[in-house]
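So the structure is just underneath, and the comments pick up after that.
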Amino acid sequence: MPRNTSKIESIIGPLIRQLSALRQRKGLTQRDVAARMDFPQSYLSRLENVQIDMRLSNFVDLARFLGVEVMLIPTELIPTVNTIVGAEPVDEDSRPRWQLSSFLNANEADDEL
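All letters in the sequence shown, in the order written, are residues 1 to 113 by my numbering.
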């Protein structure tokens, strides 16, 4: 068991829970995934219960196996990414970050006509 389980839980727990939920939505058991990924089912169980710290390469392999990609997103672009993927915007009153300001100004001009 790792020395600092709470640190592992706080850092990787949310990501592992998302992968676990994705596995379940795809109708795959831990045994199915473990067999195809060539590691013991007990290892996957401990990972999903955030009892062990997994190697980054294993995390990426598991994510890709489940059909998602691990990416680093600059913090300032997170609202933009959330808007694009349909997540709740951070500031509901603001325009989508991907929307050009000239587009917004053109629409405002139309409203004034």
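Idealized CB from N, CA, C, for every residue including glycine.
Residue burial is scored here from C-beta neighbours: M71 has fewer than 16 other C-beta atoms within 10 angstroms and is therefore classed as exposed. With a 10 Å radius around the Cβ and a threshold of 16 neighbouring Cβ atoms, L77 comes out exposed.
Distance from the CA atom of L62 to the CA atom of A35, rounded to whole angstroms, is 12 Å. When DSSP states are grouped into helix, strand and coil, L72 belongs to the coil group. Look at N82 here: in three-state DSSP terms it is helix. Between I8 and V60, the C-beta gap is not smaller than 8 Å, which leaves the two residues out of contact. In this structure, Q30 sits near Q41, with a CB-CB distance shorter than 8 Å.
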